[in-house]
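Everything in the sequence shown is counted per UniProt numbering, starting at 1 for the first residue and increasing by one.
I have placed the structure first, in the form of structure tokens, so that the comments after it can refer back to it.
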Amino acid sequence: MMKFFSETNLDRLKNAMQMKMAKKGEYLFWEGEPADRLFYVFQGGVRITKTSETGKNLILHMHQTGDLFGQIDPFQNSVQNFSAEVTADCKVGVIMRKDLEDLLQQQHSDLAIEFMKWMGLMHRMTETKFRDLMMYGKPGALCSLLIRLSNSYGVPSGEHTLINYKLSNTEMADMIGSTREGVNRMLSEMRKEDAITYRNGQIVIKNVDYLRNICHCENCPLEICRM
Numbered sequence: 001m002m003k004f005f006s007e008t009n010l011d012r013l014k015n016a017m018q019m020k021m022a023k024k025g026e027y028l029f030w031e032g033e034p035a036d037r038l039f040y041v042f043q044g045g046v047r048i049t050k051t052s053e054t055g056k057n058l059i060l061h062m063h064q065t066g067d068l069f070g071q072i073d074p075f076q077n078s079v080q081n082f083s084a085e086v087t088a089d090c091k092v093g094v095i096m097r098k099d100l101e102d103l104l105q106q107q108h109s110d111l112a113i114e115f116m117k118w119m120g121l122m123h124r125m126t127e128t129k130f131r132d133l134m135m136y137g138k139p140g141a142l143c144s145l146l147i148r149l150s151n152s153y154g155v156p157s158g159e160h161t162l163i164n165y166k167l168s169n170t171e172m173a174d175m176i177g178s179t180r181e182g183v184n185r186m187l188s189e190m191r192k193e194d195a196i197t198y199r200n201g202q203i204v205i206k207n208v209d210y211l212r213n214i215c216h217c218e219n220c221p222l223e224i225c226r227m
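Take a look at the structure:
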């Protein structure tokens, strides 16, 4: 977030926000609702989901403190393509499209440029995740997911990286369009190859090069290769 917005422009955005509290399990917006606002996470967690025609949910993004997110098309009306579910009690700032338009029209050219860079980042993050799902099969998508999780929640653990965020195999399946059984099999294979292990129910990545080879890692910048 801070990489794309200067402190001055971030303050401008924050000053235009309305504060909102949301409990775990609530939704900030649903697919099909007007896309007329952005959200900034001051505290908590939110995941962005897409529902298929068969009713299966695909988890696309997991946002945490300091993230700005939301689908918004300045100067035109559109609807949400995704839903936003609160995963941990949240304090979020909400900026309406009209207020954003006012800011961008007030001769804040630097803010407009930074906002364009942020929008480009969001599009690239979504594009790379769909690439993971489509190009290299479920094993590639799962390996890419583990790398993204390590970049977002990883902490050093000796020579390895502990993903300090507990996810069920069902949740990981929802992130790559697979089944829980399929994720079980792929993780078991990775353990046999000594690429990962478990510690207190959390995944430890022992051989990230193994994961990169499977998903044909393109060494994207960390701000893109994240949840």
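Where a beta carbon is used, it is the ideal one built from N, C-alpha and C, also for glycine.
Between residue i and the rest of its own chain, which residues show a CB-CB distance below 8 Å, the 5 nearest in sequence each way excluded?
i           : result
residue 193 : 207, 210
residue 6   : 110, 114
residue 122 : 69
residue 106 : none
So, using beta-carbon positions, are residue i and residue j closer together than 8 Å?
i           : j           : result
residue 94  : residue 43  : no
residue 144 : residue 132 : yes
residue 99  : residue 16  : yes
residue 222 : residue 199 : no
residue 81  : residue 31  : yes
residue 104 : residue 12  : no
residue 45  : residue 88  : yes
residue 79  : residue 35  : yes
residue 203 : residue 140 : no
residue 216 : residue 153 : no
residue 72  : residue 146 : no
residue 186 : residue 117 : no
If residue i and residue j are in contact, beta carbons under 8 Å, what's the gap, nearest whole angstrom?
i           : j           : result
residue 110 : residue 184 : Contact doesn't hold; Cβ gap of about 49 Å is too wide.
residue 128 : residue 224 : 6 Å
residue 227 : residue 148 : 5 Å
residue 119 : residue 37  : Residue 119 to residue 37, Cβ: 15 Å. No contact.
Skipping 5 residues on each side, what residues in its chain have a beta carbon closer than 7 Å to that of residue i?
i           : result
residue 20  : 92, 94
residue 190 : 196
residue 33  : 79, 80
Does the CB of residue i have a neighbour CB from chain D at under 8 Å?
i          : result
residue 60 : Checking the listed chains, one finds no chain D in this structure; it contains a single protein chain.
Who are the near neighbours of residue i in its chain, counting only those whose CB is closer than 6 Å to its CB and skipping five residues on each side?
i          : result
residue 48 : 60, 61, 82, 84
Quiz item: Is the number of C-beta pairs between the segment 167-175 and the segment 48-60 that are closer than 8 Å three or more?
Solution: yes
Exercise. Mind listing, in chain order, the continuous alpha helix (DSSP H) runs of no fewer than 4 residues lying wholly within the UniProt domain "Cyclic nucleotide-binding" (1-104)?
Key: 7-15
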